[in-house]
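Engineer: Handing you this structure, nothing more for now.
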Amino acid sequence: MTKPVHTPYGPFLESVYERYHQPVYLGSDPLVMVREFTCTEDREIAALFAALLAYGNVKQINASLARLFSAMGSRPGQFIRNFEILSARQALAGFKHRFSDEEDILCLCWLLHQAVQRQSLESGFCEGIRDQETDLAQAAGRFFDYLHSFSFEPHFDRSVMTTRSSFKHLMPRADKGSACKRIHLFLRWMIRADDGIDLGLWNTIPTSLLLVPVDTHIMRLSTNLGFSTRKAASLEFARDVTRKLRLIDPIDPTRFDFSLCRLGILKLCPTKSDLRQCDKCELHGACQKRRSLEQHASCLN
185 MTKPVHTPYG PFLESVYERY HQPVYLGSDP LVMVREFTCT EDREIAALFA
235 ALLAYGNVKQ INASLARLFS AMGSRPGQFI RNFEILSARQ ALAGFKHRFS
285 DEEDILCLCW LLHQAVQRQS LESGFCEGIR DQETDLAQAA GRFFDYLHSF
335 SFEPHFDRSV MTTRSSFKHL MPRADKGSAC KRIHLFLRWM IRADDGIDLG
385 LWNTIPTSLL LVPVDTHIMR LSTNLGFSTR KAASLEFARD VTRKLRLIDP
435 IDPTRFDFSL CRLGILKLCP TKSDLRQCDK CELHGACQKR RSLEQHASCL
485 N
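Structure below.
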């Protein structure tokens with residue numbers, strides 16, 4: 185078993201984890217909507233939609249999720265299991281979340297209905313895992329292939345839906361070079377144990393295979409810490425960051441994701457180059473950007 189490695193940033197990340205990996209901060213995360221459900225099947229389906237619609241600001245995301253879950257009769261798992269196209273169309277009429285509209289959601293519901301009739305979503309996902317792969321990027325892509333393997337007809341036209349930009353955006357391919365934050369966010373929620381934040385609904389996939397979901401906050405903080413020199417939120421950027429976090433926790437590297445995001449969302453890590461503000465950030469002792477600002481300031485003096 186790989187052992188943790190002492191790193192200069194490890195103690196700072198552990199401190200941030202202890203402080204911010206707490207349910208009290210769920211209000212700034214779509215998970216707060218998912219945790220309103222108590223039934224496992226409802227949580228699983230709610231989590232998938234919450235993750236796939238997690239683009240835009242949190243207020244907008246949660247408003248869309250509230251509308252969606254209400255249209256599903258506040259039982260999203262049951263809605264998928266008993267999916268009926270006519271009543272579903274009526275319930276979801278006019279739904280829209282930025283790029284995603286009712287047709288995208290309805291089509292995904294139809295595919296998920298067929299999937300859960302065959303086996304659990306976890307079993308379907310596990311079919312795409314390969315022993316030689318060190319993370320779940322390729323498996324995540326195969327999961328969407330798995331959903332696409334079900335019939336689109338008679339309710340939808342496969343050729344139309346699979347070339348529709350909004351439908352493709354709803355189910356991004358995490359094996360094509362993009363970080364694809366949303367599918368890795370869903371996997372973190374599913375695979376990490378229920379600790380008041382993540383849900384722990386899937387128990388056959390090791391947490392060591394998870395990739396950090398890279399959003400704007402994780403990208404900025406990780407760049408400041410020197411975890412990657414890449415300029416785009418790519419799959420390789422996500423792998424760079426995850427490798428750094430594995431040095432601290434080889435078994436569960438993504439456990440730092442929620443707490444690090446809080447530093448960005450709560451604006452505790454300043455977006456502007458200001459040493460006085462940097463001193464208030466709990467990562468300042470390990471931040472490479474702060475050190476460069478100090479060096480620049482000393483040269484001016």
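Here the working numbering runs 184 ahead of the position in the sequence shown, where the first position is 1. All C-beta atoms in this analysis are idealised placements derived from N, C-alpha and C, irrespective of residue type, glycine included.
With a threshold of 6 Å on Cβ separation, who are the neighbours of T400 within its own chain once the five nearest residues in sequence on each side are excluded?
Structural biologist: Nothing meets the Cβ criterion.
Engineer: Please classify H281: does DSSP put it in a helix, a strand, or coil?
Structural biologist: strand
Engineer: From what residue to what residue does the alpha helix (DSSP H) around I435 run?
Structural biologist: Neither: I435 is in no alpha helix (DSSP H) and is coded neither H nor E.
Engineer: Once you ignore the five residues that flank D288 on each side, which residues in its own chain have a CB closer than 6 Å to its CB?
Structural biologist: S350, F351, L354
Engineer: CA-CA distance, R227 and F196?
Structural biologist: 32 Å
Engineer: Sorry if obvious, but does the Cβ on F283 come closer than 7 Å to a heavy atom of the ligand FMN?
Structural biologist: The ligand FMN is absent from the structure shown, which contains no ligand whatsoever.
Engineer: Across which residues does DSSP place S333 in a beta bridge pair?
Structural biologist: DSSP, once it has assigned bridges, lists no residue as partnering S333.
Engineer: Tell me where the alpha helix (DSSP H) around P260 begins and ends.
Structural biologist: 260–265
Engineer: Taking a contact to mean a Cβ-Cβ separation below 8 Å, would you say T426 touches P434 in this structure?
Structural biologist: no
Engineer: If you run the structure through DSSP and keep just helix, strand and coil, what is S443?
Structural biologist: helix
Engineer: Cα-Cα, which of I449, K451, D378, S412 is closest to R439?
Structural biologist: D378
Engineer: Among A230, L270, F309, whose alpha-carbon lies nearest the alpha-carbon of E339?
Structural biologist: Correcting the residue identity first, residue 339 is His in this sequence and not Glu. Closest by alpha carbon: L270.
Engineer: Measure the alpha-carbon distance for R282 versus V189 and round it to whole angstroms.
Structural biologist: 43 Å
Engineer: When burial is assigned at 16 or more other CB atoms within 10 Å of the CB, is D341 buried or exposed?
Structural biologist: exposed
Engineer: Do you know whose CA, among A230, D213, E268, lies nearest S254's CA?
Structural biologist: Nearest to S254 by alpha-carbon distance, out of A230, D213, E268, is A230.
Engineer: State the beta-bridge partners of S304 as determined by DSSP.
Structural biologist: Beta-bridge pairing links S304 to no other residue.
Engineer: Quick check on the DSSP output: the alpha helix (DSSP H) that includes P195 runs from which residue to which?
Structural biologist: Segment 194–204, the alpha helix (DSSP H) holding P195.
Engineer: Roughly how many angstroms lie between the CA atoms of G380 and A358, to the nearest whole one?
Structural biologist: Straight across, the Cα-Cα distance linking G380 with A358 is about 27 Å.
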